[in-house]
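A.B. asks: Here it is: the structure, laid out below.
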Amino acid sequence: MIQLPLSKLSNVGTTIFSQMTQLANENEAINLSQGFPDFMPDPELLNYVDHFIKKGFNQYAPMGGMIGLKEEIAKKIENAHQAVYHPDLEITVTAGGTQAIFTAIASFVKKDDEVIIFEPAYDCYEPTVELFGGIVKRFEMKAPDYEINWNSVKDLVTDKTRMIILNNPNNPAGKILKERDIQELITIVKDTSILILSDEVYENIVFDGKPHLSICQYPELKERSLLVASFGKLFHVTGWKVGYCAAPENLTAEFRKVHQFNVFSVNTPVQLALAEYMKNPDHYNGLSIFFQEKRDFLRLGLANTGFELLDCEGTYFQALKYDNISDKSDIDFARELTISHKVASVPFSSFYKNKRNENVIRLCFAKKQETLEKALESLAKI
Ligand code: GLN
Numbered sequence: 001m002i003q004l005p006l007s008k009l010s011n012v013g014t015t016i017f018s019q020m021t022q023l024a025n026e027n028e029a030i031n032l033s034q035g036f037p038d039f040m041p042d043p044e045l046l047n048y049v050d051h052f053i054k055k056g057f058n059q060y061a062p063m064g065g066m067i068g069l070k071e072e073i074a075k076k077i078e079n080a081h082q083a084v085y086h087p088d089l090e091i092t093v094t095a096g097g098t099q100a101i102f103t104a105i106a107s108f109v110k111k112d113d114e115v116i117i118f119e120p121a122y123d124c125y126e127p128t129v130e131l132f133g134g135i136v137k138r139f140e141m142k143a144p145d146y147e148i149n150w151n152s153v154k155d156l157v158t159d160k161t162r163m164i165i166l167n168n169p170n171n172p173a174g175k176i177l178k179e180r181d182i183q184e185l186i187t188i189v190k191d192t193s194i195l196i197l198s199d200e201v202y203e204n205i206v207f208d209g210k211p212h213l214s215i216c217q218y219p220e221l222k223e224r225s226l227l228v229a230s231f232g233k234l235f236h237v238t239g240w241k242v243g244y245c246a247a248p249e250n251l252t253a254e255f256r257k258v259h260q261f262n263v264f265s266v267n268t269p270v271q272l273a274l275a276e277y278m279k280n281p282d283h284y285n286g287l288s289i290f291f292q293e294k295r296d297f298l299r300l301g302l303a304n305t306g307f308e309l310l311d312c313e314g315t316y317f318q319a320l321k322y323d324n325i326s327d328k329s330d331i332d333f334a335r336e337l338t339i340s341h342k343v344a345s346v347p348f349s350s351f352y353k354n355k356r357n358e359n360v361i362r363l364c365f366a367k368k369q370e371t372l373e374k375a376l377e378s379l380a381k382i
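Sequence positions in the sequence shown follow the UniProt record's numbering and run 1 to 382.
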């Protein structure tokens, strides 16, 4: 075996999502860990893919994406947020949200640049920043409210701050940013050259009639922001790995310098199918209601158990505090839940660099009614 040089990511192992899914499969447990739907997408969308493949659209798409899809994306953003992006120059179709995030960081973060993230944080931000020599500064949001103290965030800003990464709605905490959060953010970044990478892959899953405040609604933020979204979450096709990045022309030009060597372009028939399907906004306008029913079903089923339900304002994840049930660490508790009670979850400590343990786990409710019922049957016995 050859001697390897020092790992570029010495602290990184396999993601918690893969680990918990594997544990779920090994134990034949109901998998509420990794965030993916266990039901079929709309047959209409599947038929479009079939149609375009058979029609012969099987060669490279243009590097930035098929124009028809980029136009539909621009329309969707404008209708939702009154924000205008030029389809050809300001929208790039990517191989999922994670690739868009990777490429955005790769395009702008240099050695010793500082990047602020909010924890609990989705797991790809930090390693990607590190890979390009950047330094992560973190603000820890804490249970049960996961609020942001913007004065503390302000203290993290230095003249080396290159980027702030937001995740709104937040995976795993299920929280959304409020108007006051955005106004605080504007105060912090105005008169600086700080960029914002806004991971909004759960933008269409926001509950109780609350608004999703996108970064693009605020001109002071839009001009410095890379907005990332995902069709996997929008149309229940996480395995298709298609998303996009919307950003002003100057940022998009830099983004594409990396994108062209990272993936070059994203698969053609799926882009054409998505474009066709997006022409009817009803295909995504009801998503919040669809998932709110699942959230409420899960919450109702857990209401009389020892679990404490934390707020869930958006995403398809429900956070549960289990102090009344066990004093095990969240990792041990999640393992036990999978092995002995046959329900897999994700421990919150995996979303913190310092493995902060507040006895909280995450359940994914993007599942069939029958799956949720089975999981509840088991959870109610604990
Ligand atoms: N986004 C999903 C989650 O949070 C899955 C991510 C993954 O498996 N890489 O569970």
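Glycine residues also receive a C-beta, built at the ideal position from the N, C-alpha and C atoms.
Might you give, ordered along the chain, the residues of its own chain that have their beta carbon closer than 8 Å to the beta carbon of residue 192, omitting 5 neighbours on each side?
C.D. replies: So the list reads 157 and 161, once near-sequence residues are dropped.
A.B. asks: Give the range of the alpha helix (DSSP H) segment to which residue 271 is assigned.
C.D. replies: First-last of the alpha helix (DSSP H) with residue 271: 268-278.
A.B. asks: Is it true that the CB of residue 69 sits closer than 8 Å to the CB of residue 287?
C.D. replies: Their beta carbons are not under 8 Å apart, which means residue 287 does not touch residue 69 by this criterion.
A.B. asks: Do residue 100 and residue 216 have their CB atoms nearer than 8 Å?
C.D. replies: Against a cut-off of 8 Å, the Cβ pair of residue 216 and residue 100 comes out as no contact.
A.B. asks: Would you kindly check if the distance between the Cβ of residue 105 and the Cβ of residue 139 is under 8 Å?
C.D. replies: No; because the gap between Cβ atoms is not below 8 Å, this pair is not in contact.
A.B. asks: From the DSSP secondary-structure annotation, give me the bridge partner or partners of residue 362.
C.D. replies: BP columns for residue 362 point to 319 and 346.
A.B. asks: Taking residue 247 as the reference, which of 45, 86, 61 and 50 has the closest Cα?
C.D. replies: Of the candidates 45, 86, 61 and 50, the one whose C-alpha sits nearest the C-alpha of residue 247 is 86.
A.B. asks: Please identify the residue among 382, 268 and 251 whose C-alpha is closest to the C-alpha of residue 405.
C.D. replies: The structure shown has nothing for residue 405, since the chain only spans 1 to 382.
A.B. asks: Taking only three categories from DSSP, how would you classify residue 159?
C.D. replies: DSSP places residue 159 in coil when its eight states are reduced to three.
A.B. asks: Identify every residue that forms a DSSP beta bridge with residue 93.
C.D. replies: Partner(s): 244.
A.B. asks: Any chance the CB of residue 168 is under 7 Å from a heavy atom of ligand 1?
C.D. replies: Incorrect: residue 168 has no Cβ contact closer than 7 Å to ligand 1.
A.B. asks: Given this structure, state the Cα-to-Cα distance separating residue 122 from residue 173, to the nearest angstrom.
C.D. replies: Residue 122 and residue 173: Cα-Cα distance of roughly 10 Å.
A.B. asks: Pick out whichever of 312, 325, 337 and 359 has its Cα sitting closest to the Cα of residue 365.
C.D. replies: Among 312, 325, 337 and 359, the Cα nearest to that of residue 365 belongs to 312.
A.B. asks: Mapping the DSSP letters down to three states, classify residue 130 as helix, strand or coil.
C.D. replies: Of the three classes helix, strand and coil, the one that applies to residue 130 here is helix, per DSSP.
A.B. asks: Just to confirm before moving on: does the CB-CB distance between residue 344 and residue 32 stay below 8 Å?
C.D. replies: Going by C-beta atoms, residue 344 is nearer than 8 Å to residue 32.
A.B. asks: Measuring only the C-alpha atoms, how far is residue 155 from residue 12?
C.D. replies: Roughly 28 Å separates the two Cα atoms.
A.B. asks: By DSSP's criteria, residue 119 is part of a beta bridge. Which residues make up the other side?
C.D. replies: For residue 119, which the question treats as bridged, DSSP gives the partners 140.
A.B. asks: Would you check if there are 3 or more beta carbon pairs closer than 8 Å linking the stretch 116-130 to the stretch 349-365?
C.D. replies: With a cut-off of 8 Å, the stretch 349-365 and the stretch 116-130 count as touching, because enough Cβ pairs lie within range.
A.B. asks: For residue 34, is the beta carbon positioned less than 7 Å from some heavy atom of ligand 1?
C.D. replies: Yes, the Cβ of residue 34 comes within 7 Å of a heavy atom of ligand 1.
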